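Number of protein chains: 2
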Amino acid sequence: MKGTVIHAPWDVRYEDREDPRIEEPTDAIIRTVATCVCGSDLWTYRGLNPIEKPIPMGHEYVGIVEEVGPDVRHVKPGQFVIGAFFATDGTCPICQAGYPSSCVNRRSIPGAQAPYVRIPWADGTLVPTPGMPDRALIPSLLTLSDVMGTGWFAADAAEVRPGKTAVIVGDGAVGLCAVIAAKQMGASRIIVMSRHEKRQALAKEFGATDIVEERGEEGVKRILDMTDGLGAESVLECVGTNESMMQAIQCTRPGGHMSFVGVPHGVSLDGRLLFYKQIHLHGGPAPVRRYLPDLIQLVWEGKIQPGKVFDLELPLEQVAEGYRAMHERRAIKALLWPDA
Amino acid sequence: MKGTVIHAPWDVRYEDREDPRIEEPTDAIIRTVATCVCGSDLWTYRGLNPIEKPIPMGHEYVGIVEEVGPDVRHVKPGQFVIGAFFATDGTCPICQAGYPSSCVNRRSIPGAQAPYVRIPWADGTLVPTPGMPDRALIPSLLTLSDVMGTGWFAADAAEVRPGKTAVIVGDGAVGLCAVIAAKQMGASRIIVMSRHEKRQALAKEFGATDIVEERGEEGVKRILDMTDGLGAESVLECVGTNESMMQAIQCTRPGGHMSFVGVPHGVSLDGRLLFYKQIHLHGGPAPVRRYLPDLIQLVWEGKIQPGKVFDLELPLEQVAEGYRAMHERRAIKALLWPDA
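Residue numbers (the numbering used here), protein chains in the order written: chain A, 1 to 340; chain B, 341 to 680.
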């Protein structure tokens, strides 16, 4: 088959790769129905993560099970499945406690921007949908593999509660999905920090009540002005830079909750600031596997439509254009169809 | 009256001060029955906090209400009361949410190492005991003003749960009180990191099941060995140095909870470490006022005896010796009797 491989910064190729095959008895092989480009793929694309040898890319996927290894019990060929962006065993104490993304046997997904992909720990990683989905549902189901699950974790970790205020720092696909999550969890005021017109519009469609365009100290001042000088009960940091983390901490009221779900780059937190702000802090790679059953149901019933974050759809073979469009911020998120 | 004033590092004097008087209608004047020296007082004593002019010292106290301002409703002359180490209004949204130590109208206690002390926000700050306590109960009641409340917050913020493991980093008065709290909250395994024989013994008396003497990487390795390589569900950081914070973070399992209640000195946390450890982090100045009613009850019924952390008792006029003894680690904590 062909698949997506990055050779060097800016050099993404759709080229011949070996067909994936069952390597361990707990593996499954999936025929990819849809995949996409992640904001975190751009760190590699931009040369901020090392590329020592060509890397098969992609960790977001939905598809149909082609084949399973002899130890796979719950996933069956022919099922339509969604999996998390890490493969996890589902049975270790950390998985059992609800943190599969820190599973002691965690594995990377070996290149899902391809027509077929091998999924390790199939039973722990994959969740079947209630039936074969309409094509119209597929973009929303695909977001559950990463960005919608990550936005949900951001809201869950920040303990968004009915009638309270949630501030979302970041207007990428994760930040926009976090708006959906905050709305579902009943926040009465959802403030999104964004200065990008098209993303502001989508944030409002998803449930944002207010947009703040200011950043840094001015952004913090705006949030404090809007919250009686106290800050918000819940602040969701969906970027990962030091500036956005500082902004989020300063926008959280004492006793409030701040989550951070963007992989931190250059972030250093002063202990005394955290102490005197007296906030709760929780973040990390989202345990999206924990949320998959409930989120599949919400998408299946049409209650949420996170697939709207895809504003570019391409045949998989044009994957390099997907990376370019996202890097240049022409697209929020690019969906790739293997069968187009 | 006389009272305790620090003039410069190492220069603590018991000297003439003005008698405190009602300055605001929400004030109360307390006749101090017992007070003590705090670990945080030692930062000033050692010259690590600036001393621009002579500072009246002390923020831990129990005593009898002498006089109240015209707006004080719930506290009455003649009552035996305990107050938190910050004065707080009790009515702002932050107090109401359970975080009085971050009250928007928070005030310092103006020098409680004295026979009389003015307490701002008397109604929000002071809690009367059920009656006049026996002298034997007074040391334990005094700890509720700070160290026992802070230890309780450490356990609460680290979400210590029945049947789980709690690790306590630090064997000062707060760390030892945190052992009492973890025991009360039902932890089945309470591991204290300490290399001080006398403190180890008290920790065991309070409920510690294990002592770890190693520190840094070796200490972390010991804790991981004791927890199936995963780390503990709850880790309570009761020191405030960068080394102890790193040790605590590394000892917490993914999805677990770490609290920090020692004022951080030179602490800087790497964002990526916090992200990939995927722990919950919560700390700050303990909201001891929130816990006072329940903790008074536990002491009153003899269920906890945190007063055992006082291993030195002195007449108040010998306060300077209390500072010296704690600085030299000859004493865990020094109690001062104004009437001795």
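A virtual CB, placed ideally from N, CA and C, is assigned to each residue, including glycine.
Treat the numbers as computed from the prediction; the structure is a model and nothing was measured.
Could you tell me how far apart the beta carbons of residue i and residue j are, in whole angstroms, since I believe they sit closer than 8 Å?
i                      : j                      : result
residue 115 of chain A : residue 1 of chain A   : 5 Å
residue 520 of chain B : residue 547 of chain B : 7 Å
residue 65 of chain A  : residue 81 of chain A  : 6 Å
residue 506 of chain B : residue 495 of chain B : 7 Å
residue 336 of chain A : residue 149 of chain A : In fact, because the Cβ distance is near 19 Å, the residues do not count as touching under 8 Å.
residue 478 of chain B : residue 588 of chain B : Not confirmed; about 33 Å, so no contact.
residue 603 of chain B : residue 380 of chain B : 6 Å
Helix, strand or coil for residue i? Go by DSSP, reduced to three states.
i                      : result
residue 555 of chain B : coil
residue 475 of chain B : helix
residue 235 of chain A : strand
residue 636 of chain B : helix
residue 346 of chain B : strand
residue 11 of chain A  : strand
residue 534 of chain B : coil
residue 583 of chain B : helix
residue 69 of chain A  : coil
residue 63 of chain A  : strand
residue 608 of chain B : strand
residue 330 of chain A : coil
residue 189 of chain A : strand
residue 248 of chain A : helix
residue 55 of chain A  : strand
Whose CA, out of the options, lies closest to the CA of residue i?
i                      : options                       : result
residue 382 of chain B : B:678, B:672, B:667 and B:674 : B:667
residue 619 of chain B : B:647, B:664 and B:576        : B:576
residue 57 of chain A  : A:249, A:118, A:24 and A:69   : A:118
residue 353 of chain B : B:467, B:679 and B:658        : B:658
residue 175 of chain A : A:161, A:195, A:188 and A:162 : A:195
residue 222 of chain A : A:39, A:250 and A:141         : A:250
residue 431 of chain B : B:399, B:665 and B:629        : B:629
residue 691 of chain B : B:642, B:644, B:663 and B:645 : Look at the range of chain B in this structure, 341 to 680, and you will see that residue 691 of chain B is not part of it.
residue 656 of chain B : B:491, B:347, B:376 and B:552 : B:376
residue 673 of chain B : B:512, B:617, B:532 and B:581 : B:512
residue 304 of chain A : A:141, A:187, A:62 and A:331  : A:141
residue 356 of chain B : B:394, B:378, B:371 and B:363 : B:394
Within 10 angstroms of the Cβ of residue i, are there 16 or more other Cβ atoms? Answer buried if so, exposed if not.
i                      : result
residue 525 of chain B : buried
residue 504 of chain B : buried
residue 48 of chain A  : exposed
residue 282 of chain A : buried
residue 79 of chain A  : buried
residue 132 of chain A : exposed
residue 3 of chain A   : buried
residue 338 of chain A : buried
residue 205 of chain A : exposed
residue 9 of chain A   : exposed
residue 318 of chain B : One cannot answer for residue 318 of chain B here, as it falls past the ends of chain B, which runs 341 to 680.
residue 253 of chain A : buried
residue 568 of chain B : exposed
residue 76 of chain A  : exposed
residue 608 of chain B : exposed
residue 178 of chain A : buried
residue 216 of chain A : exposed
residue 277 of chain A : buried
residue 259 of chain A : buried
residue 597 of chain B : buried
residue 399 of chain B : buried
residue 124 of chain A : buried
Looking at the secondary structure, which residues open and close the alpha helix (DSSP H) in which residue i lies?
i                      : result
residue 199 of chain A : 197-206
residue 344 of chain A : Chain A is shown only over 1 to 340; residue 344 of chain A falls outside these bounds and no answer can be derived.
residue 125 of chain A : 122-125
residue 103 of chain A : First-last for residue 103 of chain A: undefined, no H or E at that position.
residue 148 of chain A : 147-157
residue 272 of chain A : 271-277
residue 379 of chain B : 379-385
residue 435 of chain B : 433-436
residue 175 of chain A : 173-184
Quick one: list the residues of chain E neighbouring residue i, beta-carbon separation under 8 Å, in chain order.
i                      : result
residue 281 of chain A : Absent from the structure: chain E. Protein chains present are A and B.
Need the endpoints of the beta strand (DSSP E) that residue i sits in, please.
i                      : result
residue 118 of chain A : 116-119
residue 599 of chain B : 592-600
residue 652 of chain B : 652-655
residue 422 of chain B : 420-423
residue 169 of chain A : 165-169
residue 373 of chain B : 368-376
residue 674 of chain B : 674-677
residue 623 of chain B : 620-623
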